[in-house]
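Chemist:
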Amino acid sequence: MDADFKTENLENAGTSWCEAMMIGDCGFDGNIQDLRLGHPKKGIGKAFCDAIHKSLSSQHAEKLLSGYGLSADTDDEMAFEKVLQTFNDIGFYPPTIAYAEGLGMQTYMYRFNELKSMAWPLAMSRNTYSGRCLLFQNYNDHLDDPQLRTADVSHMRCSNSFTERNHGRLGTAERAR
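Taken in order, the sequence shown gives residues 0 to 176; the numbers are from numbering that gives the first Met the number 0.
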């Protein structure tokens, strides 16, 4: 192998000028992977199980798959949601925690876990689509009164928090570190 490897500590981009950071997650950020997958639901349970068995030891593969209730013969629709949940739990939540805890600067972490408020393609109870709708006010005409109040409060709190932080006033948000 012919390569140059860095052995010294590398500075994270932005740590010399960024004083604080806000990062967060929604309860089901991994659902955006449905776009990348292109909806190949037919046989996805078997394909995913085969890939996990090729990638992990038998013991770890079985532990992961049983933890998510996945097997080669899981119904395609259910398997698709469980695969996306696995992607979420591995690819979204841990990096959010790692950034919040490991950047060496003041970090604020939010968790947006609003119950699913409208009919979406995926039947998960919480998802990032509803978070976007509530935060950016995209679908207010489809919300009932309690959901509209949540949208207004969510929008106001996030807008105020972002504005305060951008102007050097940290406000009252809870710190992750």
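Ideal Cβ positions, reconstructed from N, Cα and C, are used throughout, including at glycine. Every value quoted in this text rests on a predicted model; they were computed, and no experiment measured them.
Is the separation between the beta-carbon of D72 and that of G44 shorter than 8 Å?
Modeler: A contact, by the Cβ cut-off of 8 Å.
Chemist: Go ahead and label M117 buried or exposed: buried means 16 or more other beta carbons lie within 10 angstroms of its beta carbon, across all protein chains shown.
Modeler: The pLDDT assigned to M117 is 47, lower than 50, so where the model puts this residue is not dependable, and the model offers no usable value.
Chemist: Please confirm whether M21 and Y109 have their CB atoms less than 8 Å apart.
Modeler: Closer than 8 Å, so yes.
Chemist: Buried or exposed: where does G26 fall if 16 or more other Cβ atoms within 10 Å of its Cβ makes it buried?
Modeler: Flag for G26 reads buried.
Chemist: Between which two residues does the alpha helix (DSSP H) carrying T85 extend?
Modeler: Counting along the chain, the alpha helix (DSSP H) containing T85 begins and ends at 75 to 90.
Chemist: Please work out which residues of its chain come closer than 6 Å, Cβ to Cβ, to Q105, disregarding the five sequence neighbours upstream and downstream, and give them in chain order.
Modeler: Hits under 6 Å: A19.
Chemist: What three-state label does DSSP hand C17 in the structure shown?
Modeler: Three-state result, C17: coil.
Chemist: Hey, out of S56, V82, A50, whose CA is closest to K40's CA?
Modeler: Taking only the C-alpha atoms, the option nearest K40 is V82.
Chemist: Can you list, in chain order, the residues of its chain whose CB lies under 7 Å from that of T85, leaving out five sequence neighbours each side?
Modeler: Correct list, in chain order: Y67.
Chemist: With a Cβ-Cβ cutoff of 8 Å, do L64 and S56 count as a contact?
Modeler: Their beta carbons are not under 8 Å apart, which means L64 does not touch S56 by this criterion.
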